[in-house]
Structure formats: C-alpha cells, structure tokens
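J.:
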Amino acid sequence: MLKVSGLQAAYGASQVLFDIHLQIAEGQVVTLMGRNGMGKTTTVRAIMGLLPVKAGAIEHDGKPIAGLPPEKVARLGIGLVPEGRQVFPTLTVRENLVATAANRLGAARPWTLAGIYELFPRLDERAGQMAGTLSGGEQQMLAVGRALMTNPRLLILDEATEGLAPVIRAEIWRVVEKLKAEGQCILLIDKTFSVLKRLADRHFIVEKGRTVWSGTGDDLDRNHDQVQAWVGV
Amino acid sequence: MILLVEQFLNGLQYGVTLFLLAAGLTLIFGIMGVINLAHGALYMVGAFAAAWTTMQTGNFWIGLPVGLVTAALVGLAMELAVIRRLYQRDHLDQVLATFALILIFNQSVTLIFGRQPLFSQPPALLSGAVEVLPGLPYPAYRLFVIAVGLAVAVGLYLLINKTRIGMLVRAGATNRQMVRALGVDIGRLYSAVFALGALLAGLAGIMASPILAVQVGMGEEIILATFVVVVVGGVGSVKGAFVAALVLGMIDTMLRAFLPGLLQGVMPGPEAQALGVGISSMGIYLMMAIVLLIRPRGLFAAGG
Chain A
1 MLKVSGLQAA
11 YGASQVLFDI
21 HLQIAEGQVV
31 TLMGRNGMGK
41 TTTVRAIMGL
51 LPVKAGAIEH
61 DGKPIAGLPP
71 EKVARLGIGL
81 VPEGRQVFPT
91 LTVRENLVAT
101 AANRLGAARP
111 WTLAGIYELF
121 PRLDERAGQM
131 AGTLSGGEQQ
141 MLAVGRALMT
151 NPRLLILDEA
161 TEGLAPVIRA
171 EIWRVVEKLK
181 AEGQCILLID
191 KTFSVLKRLA
201 DRHFIVEKGR
211 TVWSGTGDDL
221 DRNHDQVQAW
231 VGV
Chain B
1 MILLVEQFLN
11 GLQYGVTLFL
21 LAAGLTLIFG
31 IMGVINLAHG
41 ALYMVGAFAA
51 AWTTMQTGNF
61 WIGLPVGLVT
71 AALVGLAMEL
81 AVIRRLYQRD
91 HLDQVLATFA
101 LILIFNQSVT
111 LIFGRQPLFS
121 QPPALLSGAV
131 EVLPGLPYPA
141 YRLFVIAVGL
151 AVAVGLYLLI
161 NKTRIGMLVR
171 AGATNRQMVR
181 ALGVDIGRLY
191 SAVFALGALL
201 AGLAGIMASP
211 ILAVQVGMGE
221 EIILATFVVV
231 VVGGVGSVKG
241 AFVAALVLGM
251 IDTMLRAFLP
261 GLLQGVMPGP
271 EAQALGVGIS
281 SMGIYLMMAI
291 VLLIRPRGLF
301 AAGG
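If you're matching them up, the sequences are chains A and B in order. Heads up, the first sequence is in the working numbering, so the first residue is 1 and it goes up one at a time. Heads up, the second sequence is in the working numbering, so the first residue is 1 and it goes up one at a time.
(1) Beta-carbon of Ile160 of chain B versus every beta-carbon of chain A: anything under 8 Å?
(2) For a contact defined as C-beta to C-beta under 8 Å, what are the partners of Ile186 of chain B on chain A?
(3) Could you tell me which of B:Leu182, B:Gly278, B:Ala204 sits nearest to Leu64 of chain B, measuring between CA atoms?
(4) Using 8 Å as the threshold, is the stretch 187-205 of chain B in touch with the stretch 3-15 of chain B, meaning 3 or more CB pairs across them?
(5) What number of angstroms, rounded off, separates the C-alpha of Gln184 of chain A from the C-alpha of Asn161 of chain B?
(6) Can you round the beta-carbon distance between Ile172 of chain A and Val29 of chain A to whole angstroms, since I take them to be within the 8 Å contact cut?
(7) Does Arg85 of chain B have its Cβ less than 8 Å from a Cβ in chain A?
(8) Alpha carbons only, please: which of A:Val195, A:Leu179, A:Ile65 is nearest the one belonging to Val144 of chain A?
(9) May I ask you to report which of helix, strand or coil DSSP gives Lys239 of chain B?
(10) Can you look up Asp218 of chain A in the DSSP assignment and give me helix, strand or coil?
(11) Report the option in A:Ala181, A:Glu207, A:Ala147 whose CA atom is closest to the CA atom of Arg180 of chain B.
(12) Run the CB neighbour count on Ser281 of chain B, radius 10 Å, all protein chains shown included, and call it buried at 16 or more, exposed below.
(13) Based on the DSSP output, what are the partners of Gly106 of chain A in its beta bridges?
(14) Determine the DSSP secondary structure at Lys162 of chain B, reduced to helix, strand or coil.
(15) Grab the span of the alpha helix (DSSP H) containing Pro270 of chain B for me, first residue to last.
(16) Please identify, using Cβ separations under 9 Å, the residues of the stretch 231-248 of chain B that lie next to chain A, in order along the chain.
(17) What residues of chain B sit near Ala10 of chain A, judged by a beta carbon separation below 8 Å?
(18) Kindly list, in the order they appear in chain B, the residues whose Cβ is closer than 9 Å to that of Leu50 of chain A.
(19) Within the same chain, show all residues whose beta-carbon is closer than 7 Å to that of Glu159 of chain A, passing over the 5 residues directly before and after it, in chain order.
(20) Below 7 Å on C-beta distance, what does Thr26 of chain B contact in chain A?
(21) Residues of chain A with CB closer than 9 Å to the CB of Arg170 of chain B, please, in chain order.
(22) For Thr163 of chain B and chain A, any beta-carbon pair shorter than 8 Å?
(23) By a C-beta neighbour count over all protein chains shown, 10 Å radius and 16 as the cutoff for buried, is Glu138 of chain A buried or exposed?
(24) For Pro139 of chain B, which residues does DSSP report across the bridge?
(25) Verify whether the separation of the beta carbon atoms of Asn175 of chain B and Gln86 of chain A is less than 8 Å.
(26) Which residues mark the beginning and the end of the alpha helix (DSSP H) in which Ser191 of chain B is found?
(27) Considering just the uninterrupted stretch of the beta strand (DSSP E) at Phe18 of chain A, what are its terminal residues?
(28) Pop quiz: Phe48 of chain B and Phe144 of chain B are said to be a contact at Cβ under 8 Å. What is the actual Cβ separation, rounded to whole angstroms?
(29) Whole angstroms are fine: how far does the CA of Ile65 of chain A sit from the CA of Lys54 of chain A?
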C-alpha cells in the first residue's frame, strides 16, 4: 500500500528527516511512534506532498509519489486527518463533510453523510453548526469524517486523540477499531501506547528523523526498555 | 421628495456597479491573497468590447455577450500568464506586477481604439423612461442596470452559500493547504474564481458603457472606490462587498447631490459650492476611516 524508504526532508535549511523507512500492507494498521519533534508529522507532510522531499522514495501501490503536489497524492487515495484537526471554521459541519467528498477510486461502498453520522452521532446533531464553534473533540470527529468522505485507501491519523477528554478519546478509538474491522488501511501517529499496541499490526519508531526500530506488538514487549526510551512514555 | 428618490436610484445604480467590481476583487483577494490593481482594466475591456460590438452591429444584445466573453477570456489569460506567478509573492510584488498590467492594458487599448472615447447607445427596448413615481420619469436602462446588479448579487449568494464550488471557495479562504490535501486542485479553482471575477468586472463595464464615455483610464477612476468598498465590507466577504457597495454608492451620490446645497444655507454660495464638492469627493474615504476605526477588519470580515 505505502512504502517509504530513505526519506529525507527539510524545512528550509534545517533538515528534519534523515532516513525514514515505513511500510504498510493492504488492510494493515501501522503506527509511527516517537517523542515530540522527532519527525512524525514532518514525515506525514512529506508523504502528502505538503513538504518537498530532499531524497528517498515514497511509493503508493507501487507508484512513486514523492514530489507530487498534495492534491495528486490525495487523489491517489490517501486521506489525511491532520495534526491540529484543521477543519474549515467558516463552513458548517455538513459542508465540511461534503465540500471535498469524492469517490475517485470507485469504492464499492462509498462513505455517505448518513454513514458518517452513524459513526459519529454528535456530528449529526451539529450538522448545521459552524465548524469553528465545535468543541475540540467534535472537530476531531469532523476531521476524521471529512477524510473518510474522500474514500481513501489509506487513512492517516496524525495525533487524533491529543488533548482530548478521555470519553472523546475512547470514541475515536472505537471508530478506529471499527474502521480496522472493515479492512481500512490506517497509519496512526499517537502516544497512547497501550491502545496502539492492541490496535496495530506493526510499529515504526522514529528518533531524530530516522526510523530506528520496527516490529510487531510482541516485538514491542520483547524490546520493552529500549522502546520506552525512544517513545518516552 | 422626487429629487431624493431620483438620487436614491442613482446611488443604487452606482452602488450595484461598485458591487459587480468589488465582488470579484474581494473573492480574488480573499481566497488567493492577490491584490489585483488591474481589476479595473477588465472593467475597461468589457466596456470597450461591448461598446465597439454594439456600435458595429447596432445591437446591444450582441455587444453584451461579446463583452462578457472577452472580459472572462482576458481575465483567464491574465491569471495564467501573470497572476498565477504572484500567489506566493508578497503584496509589493503583486502591486508592481498588476500596476504594470494597467499600463499594458491602457496602451494596448489606445493602440487598438485610439484616444477618442466610444459612445454607445442603450438598447432600443430600454431607451425610454419609466415613470417610477408620478412626475418622476427615470431612464429604463438605469433601472435595468440596478436589476441586473441585484440579480447577480442573488446569484452569487446562491453560488457561494449553496454550491460545492462556493464551499471550496470559503474553505480555501481559511486553509488552502488543507483543501489541497483533501484532493482539490486549487489551481483550477483559482482560475475559475479569477475568470468569474473578470466576468463580473466586464459586466460592470458593459452596463456602464451606454451611460459613460468608454475611454482609456475609466478603470482607474472606479477601481479606487472599489478598493474602498472591499476594505469597508471586509476582505473576502461578498456579503460585505454588497452592503458596502450600496451604502458607499448611496453616500457618494447623496453627498454630491445635496451637500453643496445644504452648505449654502450656512455660508456664501461659491464657498459652499467648493467646500461641498470637496467634502463629497472625500465622503467614501471618510467613511472608510470611520469603519476601520471601529471594525479594523471591515464590516463582514471573512475567514478565521
């Protein structure tokens, strides 16, 4: 599905990513872990084409996508739930969901408004409300719904539970689990170690812009002390 | 009373003309962040294309679509050739480049049509007057201009608030990177919005062509007031542009019509005349200063 190898990227003169490796197979849920400032969100931005790639390769379905503009990357089936949610504040909840909705890859059962509202009943209640007036948790649900409405083959969740109340976190995780059960391919960036270990098929740890470790949940347990040092929980 | 109604209609007509120009300008500024000084050039292009075609064919209804298409195509070419390169540049670069466009357009139009203004006629159907009140005949064509302006306002309202294109325009005004990251080719959206803005500027020029002398420099005369409308209304807000255009159009017209007369009640004639004319030409700028003091982002600021 997605294969990143030897990825390097920089903000202007300061290089942030030095050697990122990452692979996600069809139907997998994969995590990208690491402490703050180690390059997780930068990796996502580079994959999405929001940041130029200096070196390395990004392949989606075997096709190279490094250097493509963000709209092309998205059109190939990568749906982004960005860090900080970034819903469109001056659009209503319904408009946020509808504005960029598409089924460009011809999904057999595309997402509908009704489907999203079933997933997040709160969004249904708030359908006519301006997204800027929603609570943080509701904005997060909206950002997930908005990405799903583009019917992505790979969903990227960047810090989707950060700063949310425990009840809301639980709801987001419930939805992620449900999506996983339906076979949705997901790249998770988060710090809720216990949940990630249970949900994900494979984990990648980044440290100072390099992928320093990868493995399964069991491998995580075997390398417990080292992983703790990298992830810092 | 009759004079007041007549001036009210004049103000309305000037207001909708300002609105047609300001709507495009505010969208372009609001979602693309480009200051397009050459927006007035598109007004001139629409007016020249329509007036010339009308004079050649003797038919305003042929001149109208020709003017619209010409303005939209010239706008599209302007976006592709110049404006597209300015999105990432700062406002000084934009002002320099679009000021250059004004000079280029003015010289080109002079080369093609010469320095003599064109005078075209309203269509025969609308050449008469309508008695809007007993004892007040008002030119039918000017009523038509008002009606067209109001119809465009309704159409734009629906486009921006009820369609997906409108949603994307509003979304792009606050977070264009996110719009792209969700798969929307914002370059195409920008081109479409710019062409729409050009079309509306052209329409304003076409509507004005049977009323004003169609000449080089007509764009600059009106573009300053248009910028005032955009700033007062709130950059990026079409609703703001509509309200500000009508209010400022009305204030400008009323001051010019009545202020010298009112001042004559308190001071000698020639001085009242001079002062009245002076103050009325400052009127909309004074209004802008007052609005900006109270609401620095304009009446209906768009975006976050």
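All C-beta atoms, glycine included, are put in the ideal place defined by N, C-alpha and C. Please read all numbers here as calculations on a predicted model, not as lab measurements.
T.: From the atom records:
(1) For Ile160 of chain B, no CB of chain A lies under 8 Å from its own CB, so it is not counted at the interface with that chain.
(2) Per Cβ cutoff of 8 Å: Glu71.
(3) Considering only alpha carbons, the answer is B:Ala204.
(4) The stretch 187-205 of chain B, when compared against the stretch 3-15 of chain B, does not touch it at the 8 Å Cβ threshold.
(5) Distance from the CA of Gln184 of chain A to the CA of Asn161 of chain B, rounded to the nearest whole angstrom, comes to 33 Å.
(6) So it is not a contact: roughly 14 Å between Cβ atoms.
(7) For Arg85 of chain B, no Cβ of chain A is located within less than 8 Å of the residue's own Cβ.
(8) For Val144 of chain A, the closest alpha carbon among the candidates A:Val195, A:Leu179, A:Ile65 is that of A:Leu179.
(9) Correct three-state label for Lys239 of chain B: helix.
(10) The answer is helix: DSSP assigns Asp218 of chain A an H, G or I state.
(11) Nearest Cα to Arg180 of chain B within the set A:Ala181, A:Glu207, A:Ala147: A:Ala147.
(12) Burial call: exposed.
(13) Under the DSSP definition of a beta bridge, Gly106 of chain A lacks any partner.
(14) Per DSSP, reduced to three states, the secondary structure at Lys162 of chain B is helical.
(15) Note, Pro270 of chain B: alpha helix (DSSP H), 269-294.
(16) Only those residues of the stretch 231-248 of chain B whose C-beta falls short of 9 Å from the nearest C-beta of chain A would be listed, and there are none.
(17) Within chain B, no C-beta atom comes less than 8 Å from the C-beta of Ala10 of chain A; the nearest is roughly 18 Å away.
(18) Per Cβ cutoff of 9 Å: Gln177, Arg180, Ala181.
(19) Around Glu159 of chain A: Glu83, Ile189, Asp190.
(20) Contact annotation for Thr26 of chain B against chain A: no contact, minimum CB-CB distance about 15 Å [criterion: below 7 Å].
(21) Using a Cβ-Cβ cut-off of 9 Å, Arg170 of chain B is close to Phe88, Thr90, Leu91, Glu95, Ala99 of chain A, given in chain order.
(22) No, because no Cβ of chain A sits closer than 8 Å to the Cβ of Thr163 of chain B.
(23) Result: buried.
(24) Residue pairing from DSSP places Pro139 of chain B in a beta bridge opposite B:Ala129.
(25) For Asn175 of chain B and Gln86 of chain A, yes; Cβs fall inside 8 Å.
(26) Per DSSP, Ser191 of chain B belongs to the alpha helix (DSSP H) from 186-208.
(27) Residues 14-24.
(28) Wrong, their Cβ atoms sit about 20 Å apart, outside the cutoff.
(29) Distance between the alpha carbons of Lys54 of chain A and Ile65 of chain A is about 13 Å.
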